[in-house]
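Below you'll find the structure, written out as structure tokens, and then a few comments.
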Amino acid sequence: MARSPGNKNVSKDVQEAIVRGRINGMTNKQLAQQFQVTVQAVGQVWERYMINKQVVVVPHPDRPVSTTRNMDRNIVRSSREDPRRNSTDIFKAKTSECSLTHWTQTSDETVYQQKESESSCRVAKAQLNWGRKEWAKHVWSDESKFNLFGSDGTKWVRRPIGTRYSPKYQVATVKHGGGNCMVWGCFSETAMGPLRRVNGIMDRYQYEDILENTMRPWALRNIGRAFVFQQDNDPKHTSLHVRSWFQRRRVVVLDWPRQSPDLNPIEHLWEELERQLAGVRASNAGQKFAQLEAAWKAMPLSVVHALLDSMPRRCQAVIDAKGFATKY
Numbered sequence: 001m002a003r004s005p006g007n008k009n010v011s012k013d014v015q016e017a018i019v020r021g022r023i024n025g026m027t028n029k030q031l032a033q034q035f036q037v038t039v040q041a042v043g044q045v046w047e048r049y050m051i052n053k054q055v056v057v058v059p060h061p062d063r064p065v066s067t068t069r070n071m072d073r074n075i076v077r078s079s080r081e082d083p084r085r086n087s088t089d090i091f092k093a094k095t096s097e098c099s100l101t102h103w104t105q106t107s108d109e110t111v112y113q114q115k116e117s118e119s120s121c122r123v124a125k126a127q128l129n130w131g132r133k134e135w136a137k138h139v140w141s142d143e144s145k146f147n148l149f150g151s152d153g154t155k156w157v158r159r160p161i162g163t164r165y166s167p168k169y170q171v172a173t174v175k176h177g178g179g180n181c182m183v184w185g186c187f188s189e190t191a192m193g194p195l196r197r198v199n200g201i202m203d204r205y206q207y208e209d210i211l212e213n214t215m216r217p218w219a220l221r222n223i224g225r226a227f228v229f230q231q232d233n234d235p236k237h238t239s240l241h242v243r244s245w246f247q248r249r250r251v252v253v254l255d256w257p258r259q260s261p262d263l264n265p266i267e268h269l270w271e272e273l274e275r276q277l278a279g280v281r282a283s284n285a286g287q288k289f290a291q292l293e294a295a296w297k298a299m300p301l302s303v304v305h306a307l308l309d310s311m312p313r314r315c316q317a318v319i320d321a322k323g324f325a326t327k328y
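For the sequence shown, position 262 matches number 262 in the UniProt record's numbering, and the numbering has no gaps at all.
Okay, here's the thing in structure tokens:
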């Protein structure tokens, strides 16, 4: 059954007919059925008529323009240079005066529930005044997936009318979707840690193997036995099997919120890898991992230090947002 339109979608002619029907003694329900609108819409039309003594169509002004003519020209030029460039990239490259909310209607930021937001606030308050000295003994870790060819999902392109089949606006495809490469990595205040390729879908056993044979030896060499390990609360990370490993090896695990991408600086390192390898093709997962590993090892420590120096600002942003998503 089609959804009945609300008052905003009722034309002036229909509103006038509704008023005539009410004057002639018809009920709201009868009028709603006759004109296929909601009973609430009929009531609103009649109420507005009784107040104004005439049918009033409320205008809905367009959203105010948030760009200048010069900015508009830059936006069009940027899109012509690269038809596959998305609105976020164009915004970063060409504008600085308008809000990104004017460009995109959706966000990939994590949707925090109440308990998760409270957890984020608690951790952010505890770590608010920590500086690089307090973070010096910490090992940051995470996993990330990198596609061999492009990104997941639908690919969009901006093109002039009538150029649908022009090669410039076609997106090449790869048989079987191109595949991807999943990696695990870590770093500390003093060095970029190892980057390890994940075979298939990581489970608690493969994660324990990474902790035992990759993370722990590196942390002992670079920090010493007093290192503190950071991980998110993925189920395999918090499984009894992995918790037992932490106890046996006497590894201190940093208290961390249930969902915390805004607080974890390693997320920005993954983004940096994506930027560095944008447009670089890989014929298979092995080649992709080699590219990722080379870029990971070459990451300047100045980038790491800048991320750690941003931690107080990240914590404050989480507190200000009451644990919900922030610009980070």
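Idealized CB from N, CA, C, for every residue including glycine.
Asked                                                                                                            : Found
Assigned secondary structure, residue 145 (DSSP; H/G/I helix, E/B strand, else coil)                             : strand
Counted within 10 angstroms of its Cβ, other Cβ atoms place residue 66 as buried (16 or more) or exposed         : exposed
Residue 277 versus residue 44: straight-line alpha-carbon distance, rounded                                      : 57 angstroms
Limits of the beta strand (DSSP E) - the one that residue 227 falls within                                       : From DSSP, residue 227 is part of no beta strand (DSSP E); its letter is neither H nor E.
Rounded straight-line distance, which links the Cα of residue 273 to that of residue 199                         : 20 angstroms
Residue 158 versus 37, 311, 83 and 303, residue with shortest Cα-Cα distance                                     : 83
Nearest residue (CA-CA) to residue 180, options 248, 207 and 292                                                 : 292
Beta-carbon spacing of residue 143, residue 182 below 8 angstroms                                                : yes
Contacting residues, own chain, Cβ-Cβ under 7 angstroms from residue 49 (five flanking each side not counted)    : 19 and 55
C-alpha gap between residue 79 and residue 249, whole angstroms                                                  : 54 angstroms
Selected residue, minimal CA-CA separation from residue 338, among 85, 75 and 26                                 : What the structure shows of the chain is the stretch from 1 to 328, and residue 338 is not part of that stretch, so it cannot be assessed.
Whole-angstrom distance between residue 228 and residue 308, CA atom to CA atom                                  : 15 angstroms
Short Cβ contact (8 angstroms threshold) for residue 36 with residue 140                                         : no
Residue 195 - partner residues in DSSP beta bridges                                                              : 185
Residue 76, buried or exposed, once every other Cβ within 10 Å from all chains shown has been counted against 16 : exposed
Contact the stretch 240-256 vs the stretch 192-211: 3+ CB pairs below 8 angstroms                                : yes
CB-CB length for residue 28 against residue 42, believed under 8 angstroms                                       : 4 angstroms
Cβ pair residue 318, residue 254 closer than 8 angstroms                                                         : no
Cα-Cα separation, residue 205 to residue 74                                                                      : 51 angstroms
Residue environment, residue 240, which counts as buried when at least 16 other CB atoms sit within 10 Å         : exposed
Nearest-angstrom Cα separation, counted from residue 312 out to residue 88                                       : 26 angstroms
DSSP state of residue 138 mapped onto helix, strand, coil                                                        : strand
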